Each structure stands twice: as C-alpha cells, then as structure tokens.
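**Q**
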C-alpha cells in the first residue's frame with residue numbers, strides 16, 4: 005500500500021543496561037559552576053525542535069520456528085536543523101544512531117546463536133516448545149528544544165529462564181553543541197543531590213523494599229556517575245531499574261527533582277524551562293512536572309484488567325477497553341493548561357489512535373473527540389483497508405512517530421472515517437484540548 009512520507013528511514017538503537025562494579029566517590033565537582041538562583045526558570049528564548057522516532061521490528065527464524073524477536077530505534081531531526089541552529093545536534097544524533105546500530109548487529113548475532121544452542125539443549129531434554137528470545141527497544145523523547153534533547157531509552161530482553169529483564173537509560177545532549185551531557189554538567193553538587201533523591205524516594209515510595217538500603221545504593225550509583233537520568237523541561241528525573249534499589253517485582257523506581265523546588269542543585273546554564281512544552285514518558289513510570297502557572301502534578305499511565313488507567317496525583321480514571329503499545333505525552337501550554345495525549349492500539353486496529361485527557365483539575369477527565377488522530381507518521385493512505393481483520397499484539401511492525409514538542413505547532417495524522425483516507429496535518433492544541441487543524445497536506 006502507498007505510505008504517507010514524513011519520518012526518515014528507520015535505523016537502530018540497541019543498548020546495554022549493565023552497571024558493572026565501582027567504588028563510590030561523592031566528591032563535589034572541582035570546576036566551579038554557576039548555580040541557578042532565578043525565581044522563575046521559564047526562558048522564552050528556548051524554542052522546540054521537531055524530531056521523529058522510528059522503530060523497526062525484526063524476527064530471526066529458521067525451519068523450526070522463531071529464534072529472536074528484536075527491534076531497532078532511530079531518532080532523527082525532521083525540522084530544519086539550520087534554522088534552529090542545531091546542526092551539531094543533528095550530527096550527534098546520527099552518530100548516536102550509527103553507534104547503536106553497530107552494537108545491535110553484534111548483539112543480535114550473539115543472541116541468535118545463543119537461542120539455537122538453547123533450543124537444541126531443550127529438545128535433547130524432551131521439550132516440545134521453545135519461547136523465542138527477545139531484544140525489544142524503544143526511545144521516549146523527554147525533551148526536544150534548543151537548550152537540550154533528552155532521550156529515555158527502554159529495553160526488554162529475554163534469554164530463556166523464568167522471566168526477562170527490562171530497564172531504562174537516559175541520554176542527554178546539548179542542542180547547540182551536540183555534546184552529550186554528564187550529570188555534573190547539570191547538577192554539580194552530587195552529594196547534596198543524592199540526599200534530595202533519597203528523601204524523595206522514601207516519601208514517594210513509603211512501602212518499597214529499598215527503605216533499608218536505598219541510601220547506600222543511591223550513593224554507589226551517584227559516586228560512579230552510573231545513575232540513569234533525563235533532563236526534562238522543568239527538572240531532572242532519575243530512574244532505578246529492577247534489582248538496583250528494590251526487587252524485580254517492584255519494577256522501575258523514579259523521582260523528579262524540579263528546578264523550582266531545588267534551584268540550588270542545578271547549573272545556571274541548564275535550569276531553564278521553555279514556556280510551553282511536550283514531554284513523552286514511559287507507561288507505568290510516573291512523570292512529575294511543573295507548569296507555566298506554577299502548579300506541579302504527577303501523572304501516570306498504565307493498564308489494568310479492564311483497560312487503560314490514568315492517575316493524576318493519585319486520583320484514578322479507568323478508561324475501559326484494552327489498548328496496547330501505549331505512548332503518552334504530557335502537554336503543557338503557556339497559559340498553564342495541560343493535557344495528556346495517549347496513543348495506543350485497540351482491538352481490531354492496525355494503527356495507534358490518540359486519546360486525550362484533561363488534567364487541569366483534581367482528577368483526569370476524558371476529552372470527547374469529533375475526529376480521530378494518531379501520532380503515527382507512516383499510516384497507509386487508505387488506512388481503513390489496512391484495518392480489516394484483527395491485529396494481534398504479537399504482529400509487531402515498523403512504526404514511525406511524529407514527536408510532539410510544541411503545543412502550538414505539531415504534526416498528526418487525521419484518520420478520516422468518512423473517506424477512509426489518512427491525512428497528514430499541522431496542528432495546535434485547541435481551546436478544548438483537542439488538535440486544531442491548521443493545514444492538511446495536499447490541500448491549498
């Protein structure tokens with residue numbers, strides 16, 4: 005079928021989440037760094053950057069069945085790098101994609117060989133089934149503007165055994181220079197930062213298992229500069245993968261240190277926030293942020309037995325109906341309004357569809373939509389024909405997403421139910437929170 009062209013060609017990103025061994029060193033940075041003291045951290049000179057995320061799904065198999073199911077991810081600049089002065093960032097992202105692709109090819113070959121040997125061993129022991137290995141990766145864009153671009157990499161790996169392993173890692177780049185940022189660049193006082201992180205974790209997860217030894221684990225990770233973090237639009241988020249400070253069943257712990265709450269922790273250069281922003285986040289991992297009117301909120305998107313569940317500061321909205329491959333975006337406007345845009349695949353759908361939630365009040369509210377949209381940028385032009393028949397969750401395929409960075413200017417695909425056609429549109433967030441179409445590709 006004919007494809008709508010928007011996102012760049014698919015690339016690869018495979019990464020390791022291993023931490024290795026290290027000795028803690030919480031000595032402050034030697035080089036003096038100006039610390040943020042601004043009363044307001046909004047900087048109206050920061051402009052959004054247009055990016056796309058492309059995910060390529062692969063299956064390695066032989067005559068006896070599947071051996072490995074894997075994916076590769078590429079992040080690319082789709083707007084004008086020259087106009088925004090981020091040519092060095094564009095080069096850095098291409099280098100990032102290339103490095104991850106090369107590492108992924110080697111790791112994939114290793115896993116295929118390992119899977120063949122594992123299957124043969126199981127067959128010799130009398131097993132009649134074999135669960136294919138998995139190495140699935142994705143990237144969520146936490147920030148995309150002319151100050152910084154922050155990527156939250158997610159990985160799920162299964163190599164036999166009782167269960168697989170999952171985790172996240174942050175990669176952060178200065179947009180003007182393309183240089184990858186280290187944590188001391190943004191938060192120079194590591195000992196003080198470690199103390200704030202420990203306090204927040206204990207407050208936000210009072211019943212977690214890390215209460216006994218979490219302080220030591222945070223010190224070790226911080227001392228080795230091996231802590232997962234992202235530079236968000238209004239703060240810095242820290243992530244702790246399974247087994248680092250808690251049990252596997254407790255999942256990933258996270259906490260966000262906001263610029264407005266702890267300005268003394270941040271280097272002046274990086275504690276600046278755009279007036280309006282969009283921030284992707286991983287389902288199940290809470291996202292905490294501040295907004296243009298000074299409010300602070302924590303949101304979380306996850307699944308229950310009945311369907312999607314939205315949490316706003318602990319208040320739950322159950323939106324019944326199964327959805328898969330959820331991809332949430334926190335949308336913050338310059339007037340203080342905020343919404344959640346959540347893409348997900350429903351039963352019988354071939355494409356993610358966008359659902360919008362109003363999170364301006366005390367509880368999340370579903371926003372009625374007159375038109376159907378998706379952030380997928382690679383929808384078949386005749387999308388209705390492609391959606392005939394059920395689409396199973398295991399039927400993974402290539403996906404290209406237009407990244408929302410600016411609530412006043414973003415791209416979405418409108419699924420025109422009356423014509424069965426997909427239309428690429430330029431949009432902004434309207435008065436009711438839904439996409440207001442400004443321009444449609446192919447129309448004058």
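Residue numbers (this note's numbering): 5 to 448.
For every residue, glycine included, the Cβ atom is placed at its ideal position computed from N, Cα and C.
Since the model is a prediction, treat every value here as computed from it, not as a measurement.
#1: Go through its chain and collect everything with a Cβ distance to residue 364's Cβ below 7 Å, but skip five positions before and after it.
#2: Could you give the DSSP three-state label for residue 360: helix, strand or coil?
#3: With the cut-off set at 8 Å, would you say residue 115 and residue 142 are in Cβ contact?
#4: Quick check: what's the CA-CA separation for residue 27 versus residue 309?
#5: If you drop the 5 nearest sequence neighbours on each side, which residues of the same chain put their C-beta closer than 7 Å to that of residue 161?
#6: With respect to the beta strand (DSSP E) encompassing residue 66, which residues constitute its N-terminal and C-terminal limits?
#7: Can you find the residues in the same chain that come closer than 7 Å, C-beta to C-beta, to residue 41, ignoring five residues on each side of it along the sequence?
#8: How many angstroms separate the CA atom of residue 356 from the CA atom of residue 401?
#9: Give me the Cα-Cα distance between residue 180 and residue 90, rounded to the nearest whole angstrom.
#10: Pick helix, strand or coil for residue 367, following the three-state DSSP scheme.
#11: What did DSSP end up calling residue 290 once you bin it into helix, strand or coil?
#12: What residue range does the beta strand (DSSP E) around residue 401 cover?
#13: Here's the rule: buried if 16 or more other CB atoms are within 10 angstroms of the residue's CB, otherwise exposed. What is residue 207?
#14: In or out: residue 54 buried (at least 16 other Cβ within 10 Å) or exposed?
#15: Can you tell me which of 66, 323, 247 and 129 puts its alpha carbon nearest to the alpha carbon of residue 117?
#16: Taking 7 Å as the cut-off, is the C-beta of residue 351 nearer than that to any heavy atom in the ligand MG?
#17: Give the single residue among 250, 354 and 347 whose Cα lies nearest to the Cα of residue 210.
#18: Per the contact definition of three or more C-beta pairs closer than 8 Å, is the region 274-294 in contact with the region 332-352?
#19: Just reading off the alpha helix (DSSP H) that residue 373 is part of, what are its end residues?
#20: Could you have a look at residue 75 and say whether DSSP puts it in helix, strand or coil?
#21: Where does the unbroken beta strand (DSSP E) through residue 440 begin, and where does it stop?
**A** In short:
#1: In the chain shown, counting from the first residue as 1, residue 364 sits at position 360. Excluding positions up to five away in sequence, the list reads 341 and 342.
#2: Stepping through the chain shown from its first residue, residue 360 is reached at position 356. Note: residue 360 maps to strand in three-state DSSP.
#3: Within the chain shown, residue 115 is the residue found at index 111, counting from 1. Within the chain shown, residue 142 is the residue found at index 138, counting from 1. Result no, Cβ atoms of residue 115 and residue 142 do not sit closer than 8 Å.
#4: In the chain shown, the residue the question calls residue 27 occupies position 23. In the chain shown, the residue the question calls residue 309 occupies position 305. Only weak support exists for where residue 27 lies, its pLDDT of 36 falling under 50; the value from the coordinates is given anyway. Approximately 43 Å between the Cα atoms of the pair.
#5: Counting from 1 along the chain shown, the entry for residue 161 is found at position 157. Counting only Cβ-Cβ distances below 7 Å, and skipping sequence neighbours, we find 138, 139, 168 and 169.
#6: Reading the chain shown from its first residue, position 62 is the one you call residue 66. Counting along the chain, the beta strand (DSSP E) containing residue 66 begins and ends at 55-66.
#7: On the chain shown, position 37 is the one that residue 41 refers to. Closer than 7 Å at the Cβ level, and outside the excluded window around residue 41, lie 267.
#8: Numbered from 1 along the chain shown, position 352 holds the residue referred to as residue 356. Numbered from 1 along the chain shown, position 397 holds the residue referred to as residue 401. The alpha-carbon atoms of residue 356 and residue 401 are separated by roughly 12 Å.
#9: Translated into the one-based positions of the chain shown, residue 180 becomes position 176. Translated into the one-based positions of the chain shown, residue 90 becomes position 86. Distance between the alpha carbons of residue 180 and residue 90: 5 Å.
#10: For the purposes of this step, residue 367 is taken as residue 363 along the chain shown, with counting starting at 1. Here residue 367 sits in coil by DSSP.
#11: Working through the chain shown from its first residue, we reach residue 290 at position 286. Residue state, collapsed to three classes: coil.
#12: Your numbering for residue 401 matches position 397 in the chain shown. Run containing residue 401: none; DSSP gives neither H nor E here.
#13: For the purposes of this step, residue 207 is identified with residue 203 of the chain shown, where counting begins at 1. Classification for residue 207: exposed.
#14: The residue given as residue 54 occupies position 50 in the chain shown. When all chains shown are included, residue 54 counts as buried.
#15: By one-based count along the chain shown, residue 117 stands at place 113. With distances taken between Cα atoms, residue 117 lies closest to 66.
#16: As presented, the structure is devoid of all ligands, the ligand MG included, so that no description of it is given.
#17: The sequence position of residue 210 within the chain shown is 206, counting from 1. For residue 210, the nearest C-alpha among the options comes from 250.
#18: yes
#19: As a working note, residue 373 is residue 369 in the chain shown. Careful: residue 373 lies outside any alpha helix (DSSP H) and carries neither H nor E.
#20: In the chain shown, residue 75 corresponds to position 71, counting from 1. It is a strand residue.
#21: For the purposes of this step, residue 440 is taken as residue 436 along the chain shown, with counting starting at 1. First-last of the beta strand (DSSP E) with residue 440: 439-444.
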